[in-house]
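Residue 291 in numbering that gives the first Met the number 0 sits at position 292 of the sequence shown, with consecutive numbering throughout. Idealized CB from N, CA, C, for every residue including glycine.
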Amino acid sequence: MIDRKELLLPPAEYNPSTNKIVIAGHHVNVGGPLPDLRKGEKLLTYTLSLCPVCYRLLPAIIFEKDEKVFIRKTCPEHGEFEELYYSDAKMYKRFLKYTEEGRGAKPYVPQVAPCPFNCGLCPRHLNHTALANLVATNRCDLSCWYCFFYAERVGYVYEPSLEQIRYMVRQLKKQGVTMAVQITGGEPTLREDLVEIVKILKDEGVTHIQLNTHGIKFAKLYFDLGFEKAVAYARSLRKAGINTVYLSFDGVTPRTNPKNHWEIPFILEVFRKAGMTSVVLVPTVIKGYNDSELGDIIRFAAKHMDVVRGVNFQPVSLTGMLKHEERKQLRVTIPDVIKWVEEQTNGEIYRDAWFPVPVAAKI
């Protein structure tokens, strides 16, 4: 039996008299002023957000201005923060039509603090988990400048044991829904017991298992030990239960995809031979960096349809301490990606062909 303290931070505690949340001895404030609307702005809805400096839980407004959608919040200590949410207000409103609450999950964590400080699914969650991310390690053998998961900055290694991973999956099972899990990191293939991790997930009833990877290990085995060794490793993962490989792929040139540009042909060759025929290419889209190659990425995927099943464009997550002007310069929203794909495929993939993918959908 695993003690919860060995695996997770102590649960949050909310003190209504001081209006503070205590997490592992750290005090987090709650509440702030409701931001004002200004001339030319239209209120769409209210939400909750966080101060990016002190993590105070704040009221926020989502509003329309100049045919775009923004979020604004005000921290009593650190001031106002405003971020672009959707660069196309019409698309935002169209997607809202498909908002649907699911049947909900069976909560397995008591609500002791406001979201997002209450770890796990509490009774307030109206939808179940669509795809759970299981972090196998925070280690990585690359140092991509835009990555939000940077073990060296954190200063410690996070690597749950096999027993802890089984415990995590059993907690997830308490939702009472069909489970899909993505093994992620860091770089999961750095773990020598990755096959055992996959077997545990399969043994616990996970019906769909994804592996999030940059694929370098498959190419390294190919170069160092030979093609058959690389295929054997990929085959062992496939046999253990991997259904889909979520393969990092930022562009079709060495400039936009320095991490694995030269290795990709060898990685796909290994997957073909190993029967790993459900690969999803995953570009991190960054404005001014690789936003001009989205059409080429789709065409590359189409050329390799025997193993590549799709492309999942992920707008870059700006989680660091960038200044507001820098965030504006780099920010990519979902409508941006849709617009660029339409332009770069000469309208073959048009903007109205896109739909949201909530846990529960009307479509």
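Q | Beta-carbon spacing of residue 96, residue 63 below 7 Å | A | no
Q: Compute the Euclidean distance between the alpha carbons of residue 243 and residue 108, then round it to the nearest angstrom.
A: 30 Å
(Q) Using 7 Å as the threshold, is the C-beta distance between residue 343 and residue 293 below it? (A) yes
Q | Other residues of its chain near residue 137: CB distance less than 7 Å, five sequence neighbours each side excluded | A | 148, 150, 153, 156, 157, 184 and 185
Q) residue 105 and residue 173: beta carbons closer than 7 Å? A) yes
Q. What is the DSSP secondary structure of residue 220, reduced to helix, strand or coil?
A. helix
Q) What are the boundary residues of the alpha helix (DSSP H) that residue 265 is part of? A) 263-273
Q: State buried or exposed for residue 323, treating a residue as buried only when at least 16 other CB atoms are found within 10 Å of its CB.
A: exposed
Q. Between the beta-carbon of residue 364 and the beta-carbon of residue 180, is there less than 7 Å?
A. This structure does not reach residue 364, given that the chain is present from 0 up to 362, and the question cannot be answered.
Q | Identity of the residue in 287, 144, 320 and 321 nearest residue 336 by Cα | A | 287
Q.
According to DSSP, simplified to helix, strand and coil, what is residue 238?
A. helix
Q.
Please report the distance separating the alpha-carbon of residue 226 from that of residue 310.
A. 26 Å
Q) Is the beta carbon of residue 72 less than 7 Å from the beta carbon of residue 88? A) no
Q: Would you decide whether residue 339 is buried or exposed? Buried here means 16 or more other CB atoms lie within 10 Å of its CB.
A: buried
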